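What the sequence shown shows, in the UniProt record's numbering, is residues 2 to 362, in sequence order.
Even for Gly, the Cβ is constructed at its ideal location relative to N, Cα and C.
What you are looking at is a predicted structure, and each value in this text was computed from that prediction instead of being measured.
Comments concern the structure below.
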Amino acid sequence: LRFLTAGESHGWGIAAVLDGMPAGIEVSQEELSVELSRRRRGYGRGERANIENDHVLIASGVNDGKTTGAPICIVIPNKDYENWKGKYVPIYAPRPGHADFAGMVKYGFNDCRPVAERASARETAARVACGYFAKKLLEKENIKVMSWVVSIGGIWAQLPPLEERMSKEEIPKKLFYLAECSEVRCPDLEATGRMKKLIDEAREKGDTLGGIFEVAVIGVPVGLGSYVQWDRRLDGRLAAAVMSIQGVKGVEFGVGFEFSEMMGSQAHDPLKLPKRPSNRAGGIEGGVSNGEIIFMRAAMKPIPTLKSPLPSVDVRTKKECQAYIERSDVCAVGSAAVVAESMVALVVADALLEMRGGDRW
Ligand code: EPS
Numbered sequence: 002l003r004f005l006t007a008g009e010s011h012g013w014g015i016a017a018v019l020d021g022m023p024a025g026i027e028v029s030q031e032e033l034s035v036e037l038s039r040r041r042r043g044y045g046r047g048e049r050a051n052i053e054n055d056h057v058l059i060a061s062g063v064n065d066g067k068t069t070g071a072p073i074c075i076v077i078p079n080k081d082y083e084n085w086k087g088k089y090v091p092i093y094a095p096r097p098g099h100a101d102f103a104g105m106v107k108y109g110f111n112d113c114r115p116v117a118e119r120a121s122a123r124e125t126a127a128r129v130a131c132g133y134f135a136k137k138l139l140e141k142e143n144i145k146v147m148s149w150v151v152s153i154g155g156i157w158a159q160l161p162p163l164e165e166r167m168s169k170e171e172i173p174k175k176l177f178y179l180a181e182c183s184e185v186r187c188p189d190l191e192a193t194g195r196m197k198k199l200i201d202e203a204r205e206k207g208d209t210l211g212g213i214f215e216v217a218v219i220g221v222p223v224g225l226g227s228y229v230q231w232d233r234r235l236d237g238r239l240a241a242a243v244m245s246i247q248g249v250k251g252v253e254f255g256v257g258f259e260f261s262e263m264m265g266s267q268a269h270d271p272l273k274l275p276k277r278p279s280n281r282a283g284g285i286e287g288g289v290s291n292g293e294i295i296f297m298r299a300a301m302k303p304i305p306t307l308k309s310p311l312p313s314v315d316v317r318t319k320k321e322c323q324a325y326i327e328r329s330d331v332c333a334v335g336s337a338a339v340v341a342e343s344m345v346a347l348v349v350a351d352a353l354l355e356m357r358g359g360d361r362w
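Structure, rendered in structure tokens:
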């Protein structure tokens, strides 16, 4: 399973080709729209989220509500394109933290606009559309991918202890469904209120916020990925997929960095019957899924477009100035978590197809 995206944030639209989906997977336009709206909404998103309705055109690879095994081409027209058509708004003051500077130098542009257009997280609409198809394949095998936000700007949700956060029974009812009801996708509704307040404060100050989210994959069989070659390790593949999401700066599995402080005897999950008593590894040992829940966490930095900008340098005059200001989001951690679900679903589906093979399902 592989996919490529194309498109610019304010261009005609965003597109993707997803190749390698088996035939016979039922899909629906309505469900696809729901997935797209899960990514679009959220407290802290900017005006752009209200402009777009992310209507997905399925141009190929689906017939009569089922995948055909042919490449799936999806197109999401940008409604905002009408407002940008024929206009060119150059960016001469790169935003610290953004791809602006490095991208402009790399490709030899005179300003950062072409960088900003393609580096934009608008592209993740296409990833979520592709992720929907992967999720439908996984659904056939009773594998589910869920996410929720655990912190925003240093405000932490009071959540069940890690061990329970990795329990098949607790995840849907104590985490995922509650997160789906929260405007910041956080299962702690009290913390949701405090996070929203912090987002309001950041917005007033012209500032932005990042945070941490968790992703769990329930129902994974033993044996996805492999230890036999570095690029077949499932944790490496998942980490790369999640790190590739705009703004993500850190990823960990299971107890992650906490492992470094434990003795081996405290760290590893004993094998016992009828089941293992813990899942500190987060469902992957030696780069292979071990049948437990895959559990990962990722940190997102604050969005680099600040209304109260940081120092920058005008690339024409080489004089110090303030960074470029553009309409943007204040906080998009909840949206990034939905994108991460999609990326994780695509990697797990790919690994499943490798293990099982299959032209049709
Ligand atoms: C984004 C900046 C904002 C976001 C956009 C991603 O767009 P604009 O600059 O047009 O206001 O709203 O996200 C989306 C449009 C989207 O659908 O996610 C950026 O620079 O990454």
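- Taking glutamate 118 as the centre and dropping the five residues before and after it, the same chain places the C-beta of Glu9, Ser10 closer than 6 Å to its C-beta, in chain order.
- At the C-beta level, isoleucine 73 and leucine 19 come within 8 Å of one another.
- Fewer than three beta-carbon pairs drawn from the region 177-191 and the region 269-286 are found closer than 8 Å, and the two stretches are therefore not classed as touching.
- The beta carbons of valine 252 and glutamate 342 sit no closer together than 8 Å.
- Taking a cut-off of 8 Å for Cβ pairs, the region 21-41 and the region 325-342 touch, as three or more such pairs fall below it.
- Counted as a single uninterrupted DSSP element, the beta strand (DSSP E) harbouring isoleucine 213 occupies residues 212-219.
- Around the CB of valine 223, fewer than 16 other CB atoms lie within 10 Å, so the residue is classed as exposed.
- Here threonine 209 has Ala203, Pro303, Ile304, Pro305, Thr306, Leu307, Ser329, Asp330, Val331, Cys332 as same chain residues with Cβ atoms under 8 Å from its own Cβ, once five neighbours each way along the sequence are excluded.
- Per DSSP, the beta-bridge partners of phenylalanine 254 are Met297.
- Under DSSP, cysteine 74 shares a beta bridge with Val18, Ser61.
- The beta carbon of arginine 3 lies closer than 7 Å to those of Asp20, Gly21 in the same chain, with the five residues before and after it left out.
- Relative to the Cα of proline 97, the nearest Cα in the group Ala346, Glu355, Met344, Val314 belongs to Val314.
- In this structure, DSSP gives phenylalanine 260 a helical state, which the three-state scheme calls helix.
- Assignment of beta-bridge partners to asparagine 291 by DSSP yields Val223.
- Non-local C-beta neighbours of valine 129 in its own chain, meaning closer than 7 Å and more than five positions away in sequence, comprise Glu36, Leu37, Arg40, Val339, Val340, Ser343, ordered along the chain.
- Taking the CA atoms as reference points, valine 28 sits about 9 Å from aspartate 65.
- For ligand 1, no non-hydrogen atom lies closer than 7 Å to the CB of alanine 192.
- Residue burial is scored here from C-beta neighbours: glycine 288 has at least 16 other C-beta atoms within 10 angstroms and is therefore classed as buried.
- By the Cβ rule, the region 241-259 counts as touching the region 292-299, because three or more pairs are nearer than 8 Å.
- Burial state of asparagine 291 is buried, judged by a 10 Å Cβ sphere holding 16 or more other Cβ atoms.
- When rounded, the separation of the alpha-carbon atoms in alanine 127 and glutamine 230 is 30 Å.
- Counting along the chain, no beta strand (DSSP E) covers isoleucine 200; the unbroken alpha helix (DSSP H) around it starts and ends at 190-206.
- At least one heavy atom of ligand 1 is found less than 7 Å from the C-beta of histidine 11.
- With 16 or more other Cβ atoms inside 10 Å of its own Cβ, tyrosine 133 counts as buried.
- With a threshold of 7 Å, the Cβ atom of glycine 47 counts as near ligand 1, since some heavy atom of the ligand is closer than that.
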